[in-house]
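The numbering of the sequence shown is the working numbering, which starts it at 5 and goes up by one. We treat Cβ as the ideally placed atom computed from N, Cα and C, and that holds for glycine.
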Amino acid sequence: MRLRVRYFASIREFTGLKEEALDVPEGSTAEALKGSVQGLHASLKGQDDNILVAVNGSFVEPKRVLKAGDEVALFPPVSGG
Numbered sequence: 005m006r007l008r009v010r011y012f013a014s015i016r017e018f019t020g021l022k023e024e025a026l027d028v029p030e031g032s033t034a035e036a037l038k039g040s041v042q043g044l045h046a047s048l049k050g051q052d053d054n055i056l057v058a059v060n061g062s063f064v065e066p067k068r069v070l071k072a073g074d075e076v077a078l079f080p081p082v083s084g085g
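Here is the structure:
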């Protein structure tokens, strides 16, 4: 299935992209998608704790199953001050 994946902040800098379309197997989870993105972009390897996943505008748990047409966004953790 095809998903639109958008990158924000330092994740955008690591990938050099604002967004891309990715094909993943049916039943893929947010965690699996994150792993696929890390496989495509070597600069993200080892960044597991520094990538949060949002689906259709809401942050999700790693085990969230994705559906065709979902818009997925990857963010670094946000801290305030």
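Can you give me the Cβ contacts of residue i inside the same chain, cut-off strictly under 8 Å, excluding the 5 residues immediately before and after it?
| i | result |
| --- | --- |
| phenylalanine 12 | Ala77, Leu78, Phe79, Pro80 |
| lysine 95 | In the structure displayed, the chain extends from 5 to 85; residue 95 sits before or after that span and is not available. |
| lysine 38 | Asp52, Ile55, Val57, Pro66, Leu78 |
Residue i and residue j look like a contact to me (Cβ under 8 Å); what is the Cβ gap, rounded to whole Å?
| i | j | result |
| --- | --- | --- |
| serine 47 | leucine 26 | With a Cβ gap of about 16 Å, serine 47 and leucine 26 do not count as contacting. |
Answer yes or no: the CB of residue i versus the heavy atoms of the ligand ATP, is any distance below 7 Å?
| i | result |
| --- | --- |
| leucine 70 | In the structure shown, the ligand ATP is absent, as is every other ligand, since no ligand is present at all. |
Identify the residues that DSSP records as bridge partners of residue i: which are they?
| i | result |
| --- | --- |
| phenylalanine 63 | Ala58 |
| valine 9 | Glu24, Val76 |
Beta-carbon within less than 6 Å of residue i's beta-carbon, same chain only, minus the 5 sequence neighbours each way: which residues are those?
| i | result |
| --- | --- |
| arginine 6 | Ala25, Asp27 |
I'd like the list of long-range same chain contacts for residue i, defined as Cβ closer than 7 Å, with 5 residues on each side in sequence excluded.
| i | result |
| --- | --- |
| phenylalanine 68 | The sequence shown places arginine at residue 68, not phenylalanine. Taken in chain order, the residues that qualify are Thr33, Ala34, Val59. |
Does the segment 57–67 come into contact with the segment 21–32, if we say contact requires no fewer than three beta-carbon pairs (one atom in each stretch) closer than 8 Å?
no
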